[in-house]
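Numbering-wise, our numbering puts 346 at position 232 of the sequence shown, and it's gapless, one number per residue. Glycine included, each C-beta is placed from N, C-alpha and C at the ideal position. The structure presented is a predicted model; accordingly, all values stated were derived computationally and were not measured. So the structure is just underneath, and the comments pick up after that.
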Amino acid sequence: MNGIESMASGPMWAGFIAFVLVMLALDLWVFGGNKAHKVSIKEAGLWSLGWFSLALLFNLGLWWHLKGTLGPEIAEQKSLEFLSGYLIEKALSVDNVFIFLLIFSAFQVKPEYQRRVLIYGVLGAIVMRAIMIWAGAWVVSEFSWVLYLFGAFLLYTGVRMLKAVDEEPDVKNNPVLKLARRTLPVAEGDHGEKFIVWKDGKRYVTPLLLVLILIEATDVVFAVDSIPAIFAITNDPFIVFTSNLFAILGLRALYFLLADVADRFHLLKYGLALVLCFIGAKMLLLPWLHIPVHISLTVVATLIAGSVIASLYSTRKEK
115 MNGIESMASG
125 PMWAGFIAFV
135 LVMLALDLWV
145 FGGNKAHKVS
155 IKEAGLWSLG
165 WFSLALLFNL
175 GLWWHLKGTL
185 GPEIAEQKSL
195 EFLSGYLIEK
205 ALSVDNVFIF
215 LLIFSAFQVK
225 PEYQRRVLIY
235 GVLGAIVMRA
245 IMIWAGAWVV
255 SEFSWVLYLF
265 GAFLLYTGVR
275 MLKAVDEEPD
285 VKNNPVLKLA
295 RRTLPVAEGD
305 HGEKFIVWKD
315 GKRYVTPLLL
325 VLILIEATDV
335 VFAVDSIPAI
345 FAITNDPFIV
355 FTSNLFAILG
365 LRALYFLLAD
375 VADRFHLLKY
385 GLALVLCFIG
395 AKMLLLPWLH
405 IPVHISLTVV
415 ATLIAGSVIA
425 SLYSTRKEK
């Protein structure tokens, strides 16, 4: 697209997209991501560690490649941008975990079916995020003042999260879900891991497909918050795209890792809200105050770590 600038070459884009496709294919057809399976804490922990390690290895490879082609200064800058973007995305994705728990609980989805729903949710999220990131990169490249709108929106969202941190969304009355029920024939009841069933020669969708639709809609809402947040760190679409996708690819493992202990991180939402407020304020103050990437990374990491430690301490004290 005209006006969008990135340090990444065509082979870098092709190589990363090929990597994502290979990992998804392995997950679906080698590791059984498309089959009913209850994920254990140990399995989720190993997958989470694996995705986190791959993200760090990618960042190391990015730094090494850019050091040899564009110089050490750009290499350090871009690697810091990726790490900051990945940390922000990873932190904000924890909020997705809380919503996924509410959705699965509201529809009484069995643990062995949740894995399949989330793998298809990840596939849809990748496509939607790619479209939204390219659209955002084009808008920012053509109209730089949009960054101030992003900043104001993030600040507003952060303040709203602080005020509504104890409120739980009513997933059963979600507008997207109501629209789906009105337009799609639904076969109520338990149909296992199937998304579509046939009855009397007529095709019906199952409640599990409604859950998938709701999860996809939820990701769009979260993307509206998280993508502008990364544009506060970098305008490079390659960094935005790769940091986003690594966080999304590890989201399913993160869900199963935190599903049974999510109540112990009840203060994390305050940390996430403060992260959005900080990033929004940073974008609004850009004409008068430039905050380096390493400072932003330190502030974000401190807010997240502080809210996690406070959560664990308070729940331990209650017990």
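Those residues which DSSP pairs with Tyr318 across a bridge: Val311
Val279 vs Ala387 beta-carbon contact at 8 Å: yes
Cα-Cα separation between Cys391 and Val290, rounded to whole angstroms: 28 Å
Segment limits, alpha helix (DSSP H) that includes Thr271: Val260 to Lys277
Contact between the segment 253-272 and the segment 344-356 (3+ Cβ pairs under 8 Å): yes
Residues of its chain near Val334, where Cβ-Cβ distance is below 7 Å and the 5 sequence neighbours each way are ignored: Met242
Ser120 to Asp350 span [Cα, whole Å]: 5 Å
Validate contact between the segment 389-403 and the segment 413-421 using beta carbons, cut 8 Å, 3 pairs: yes
C-alpha distance - Ser123 paired with Asp314, whole-angstrom precision: 54 Å
Paired residues, beta bridge with Val325 - DSSP: Partner(s): none; Val325 has no beta bridge.
Within 8 Å, strictly: CB atoms of Val285 and Ile202: no
The alpha helix (DSSP H) enclosing Gln228, as first and last residue numbers: Pro225 to Glu256
At least 3 beta-carbon pairs within less than 8 Å: the segment 389-408 vs the segment 162-180: no
The segment 304-312 contacting the segment 189-205, beta-carbon criterion three pairs below 8 Å: no
Residues bridged to Val300 [DSSP beta-bridge criterion]: Val319
Unbroken alpha helix (DSSP H) run spanning Trp165, endpoints: Ile155 to Thr183
Assigned secondary structure, Asn210 (DSSP; H/G/I helix, E/B strand, else coil): helix
Nearest-angstrom Cα separation, counted from Ala424 out to Met126: 41 Å
Burial state of Ile409 (16 or more Cβ within 10 Å): exposed
Asn116 (DSSP reduced to helix, strand or coil): Only weak support is given to the placement of Asn116: the predicted model assigns it a pLDDT of 42, under 50, and the value that follows is read from those uncertain coordinates. Asn116 falls in the coil class under three-state DSSP.
The segment 352-370 / the segment 154-164 touching (three or more Cβ pairs under 8 Å): yes
C-beta contact flag for Lys204 and Ala361 at 8 Å: yes
Gly199 versus Ile353, Val375, Asp377 and Arg378, residue with shortest Cα-Cα distance: Ile353
Length of the line joining the Cα atoms of Asn288 and Leu215: 15 Å
Best match in Tyr270, Val311 and Glu190 for proximity to Pro406 [C-alpha to C-alpha]: Glu190
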